[in-house]
Amino acid sequence: TPAQADTISPPKLSEKKWWPSKWGADDQAGASNHITPAKVLDTVKWIKEGKVYKLGHNYESTMPLFGKRVFTLRIPGSPTGGPFGDNRLVYHDEFVTAEIGQVGTQFDGLGHIGIQLGADGDKKEMRFYNGHAAADFSDTYGLKKLGVENCKPFFTRGHLIDMVAVRGRMMEAGEEITVADVRAALQKQNMSEADFKPGDAIFFHTGWSSLWGKNNDKFNSGEPGMGLEVANWVIEKDLCLTGGDTWAVEVVPNPDKTLAFAVHGTLQTKYGIYNHENLVFDDLIADKKYQFVYVFTPVPMAGATGSPGVPIGIT
Ligand code: UVW
51 TPAQADTISP PKLSEKKWWP SKWGADDQAG ASNHITPAKV LDTVKWIKEG KVYKLGHNYE
111 STMPLFGKRV FTLRIPGSPT GGPFGDNRLV YHDEFVTAEI GQVGTQFDGL GHIGIQLGAD
171 GDKKEMRFYN GHAAADFSDT YGLKKLGVEN CKPFFTRGHL IDMVAVRGRM MEAGEEITVA
231 DVRAALQKQN MSEADFKPGD AIFFHTGWSS LWGKNNDKFN SGEPGMGLEV ANWVIEKDLC
291 LTGGDTWAVE VVPNPDKTLA FAVHGTLQTK YGIYNHENLV FDDLIADKKY QFVYVFTPVP
351 MAGATGSPGV PIGIT
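One rule links them: number in full-length UniProt numbering = place in the sequence shown (from 1) + 50.
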């Protein structure tokens, strides 16, 4: 959106070509390709209790909205229709005005984030996942490639990193989660790096979501999160998705002041690794459940950049 584009600094001109992707030159599904029947059967083994956790917020006008994003929900007519028939039926519908894929609990599709190579505004050199150029697919009426409908459904093993337990407090804006922090959390939670298999997902609880609906200005002002060091670790582990209780999952501002949303540009654009933002882990943490099955399918709005919806965790 124009609102978010305004916040992204010019990229480094030294960016190197990152395509074709390992899933083929035409691929649009990125790291969701990891979710094969074999992966699902392996993941099922993690369901031991049958307990289901909602990992998302409600969508409401009081939620923090980044930049100039909007969300309003109205019931036209209130009630919208009726009464009909001798049975006097009435009904309600809703009318939502929103950047619907990019507000609240939000899943980023691969058409969301790209990198401007070449000259500013040159859409042939504005490259997204798998080298897809904005000139070939960016369209006012929906993306013609890399829309969120191309993403395969997720059913995979999720690992939660509780940074509040590591720090003993909520993390602060601009505070980076390092690989040493990830290792400290794993040790504290009786987990190990060897638990991570290709196609798994990793999630970060920073405590930032405690500001949700209470101090939206602070929530939007920046955030704690992973930086490029952890992003490279995620790539090394060959994971399919990152997620967190913040609006970007990555540290903002980046400690390197010359960078803007560099983790988005690395994981999503170069590796097709998805990102799930504004998640809620309080119930999992209360139950000391750090490993679970993550289940989510983006709403297949053809040509959309992202998706609302509530993922679930199953233990
Ligand atoms: C941007 O749109 C820049 O960030 P996010 O994906 O976190 O909403």
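Idealized CB from N, CA, C, for every residue including glycine. Please read all numbers here as calculations on a predicted model, not as lab measurements.
Legend entry - Helix, strand or coil at R138 according to DSSP, with G and I counted as helix: coil
Inset, instruction - Output yes if chain C places a C-beta closer than 8 Å to the C-beta of P87; else output no. - result: Looking for chain C here will not work: only one protein chain is present.
Inset, instruction - May I ask whether a heavy atom of the ligand UVW can be found less than 7 Å away from the beta carbon of Q152? - result: Here the distance from the Cβ of Q152 to the nearest heavy atom of the ligand UVW is below 7 Å.
Legend entry - Rounded C-alpha distance that separates N304 from A148: About 28 Å.
Inset, instruction - For G151, count neighbouring C-beta atoms within 10 Å of its own C-beta (all shown protein chains included) and say buried if the count is 16 or more, exposed if not. - result: Counting C-beta atoms within 10 angstroms of its own C-beta, G151 has 16 or more neighbours from the protein chains shown and is therefore classed as buried.
Legend entry - Own chain, CB closer than 8 Å to Y191, minus 5 neighbours either side, in chain order: G353
Legend entry - Through-space distance from Q318 to Q78, alpha-carbon basis: For Q78 and Q318, the distance between alpha carbons rounds to 12 Å.
Legend entry - Backbone secondary structure at Q54 - three-state DSSP: Here Q54 scores only 42 on pLDDT, less than 50, and its place in the model is too uncertain to base an answer on.
Legend entry - Span separating the alpha-carbon of P129 from that of P70: Roughly 52 Å separates the two Cα atoms.
Inset, instruction - Using beta-carbon positions only, say whether G168 and F178 come within less than 8 Å of one another. - result: no
Legend entry - Residue nearest to E334 in terms of C-alpha spacing, selected from T347, N180, K104: In the sequence as displayed, the identity of residue 334 is Leu instead of Glu. Here the closest residue by C-alpha is K104.
Legend entry - 6 Å CB neighbourhood of T365 in its chain, flanking five on each side removed: Within the same chain, T365 has close Cβ partners E99, K101, K339, F342.
Inset, instruction - Could you tell me whether the segment 286-294 touches the segment 247-260, where touching means 3 or more Cβ pairs closer than 8 Å? - result: yes
Inset, instruction - Can you grab the Cα-Cα spacing for the pair M351 / M213, in whole Å? - result: 34 Å
Legend entry - CA nearest to the CA of F269, picked from T122, W297, G181: W297
Legend entry - Beta-carbon separation (whole angstroms), S82 vs V198, contact threshold 8 Å: Actually they do not touch by this definition, with Cβ atoms about 10 Å apart.
Inset, instruction - Classify A88 as buried or exposed, calling it buried when 16 or more other Cβ atoms lie within 10 Å of its own Cβ. - result: exposed
Legend entry - Cβ separation of P274 and I323, assumed to be a contact under 8 Å, to the nearest whole Å: About 20 Å separates the CB atoms of P274 and I323; that is not less than 8 Å, and the two are not in contact.
Legend entry - Every unbroken beta strand (DSSP E) within the segment 114-179, with a cutoff of 3 residues, ordered by chain: 121-124, 131-134, 139-141, 145-148, 156-158
Inset, instruction - Might you give, ordered along the chain, the residues of its own chain that have their beta carbon closer than 8 Å to the beta carbon of E279, omitting 5 neighbours on each side? - result: E226, T228, V229
Inset, instruction - Could you tell me if V313 is buried or exposed, where buried requires 16 or more neighbouring beta carbons within 10 angstroms of its beta carbon? - result: buried
Inset, instruction - If I'm right that V360 touches T155 with Cβ under 8 Å, what's the distance once you round it to whole angstroms? - result: 6 Å
Inset, instruction - Consider the C-beta atom of A298 and the heavy atoms of the ligand UVW; say whether any pair is separated by less than 7 Å. - result: yes
Legend entry - Bridge-paired residues (DSSP) for F342: According to DSSP, which records beta bridges pairwise, F342 is partnered with G208.
Inset, instruction - Give the DSSP-derived three-state secondary structure of Y321 in the structure shown. - result: helix
Inset, instruction - Round the Cβ separation of G294 and L329 to the nearest angstrom and send it over; I've been treating them as touching at under 8 Å. - result: 6 Å
Legend entry - Rounded distance between the beta-carbons of V299 and F254, thought under 8 Å: 7 Å
Legend entry - residue 366 - partner residues in DSSP beta bridges: Any answer about residue 366 is impossible in this case: the structure gives the chain only from 51 up to 365.
Inset, instruction - Grab the span of the beta strand (DSSP E) containing T347 for me, first residue to last. - result: No beta strand (DSSP E) holds T347; DSSP gives it neither H nor E.
Legend entry - Neighbour-count burial assignment, Y344, 16 or more Cβ in a 10 Å radius: buried
Legend entry - Residue(s) in a DSSP beta bridge with L291: A251, Y324
Inset, instruction - With I335 as the anchor, note down where its beta strand (DSSP E) starts and where it stops. - result: Careful: I335 lies outside any beta strand (DSSP E), inside the alpha helix (DSSP H) at 332-336.
Legend entry - F311 CB to nearest heavy atom of the ligand FAD below 7 Å: This structure simply doesn't include the ligand FAD; it includes the ligand UVW instead.
Legend entry - Beta carbon of N325 nearer than 8 Å to that of P114: no
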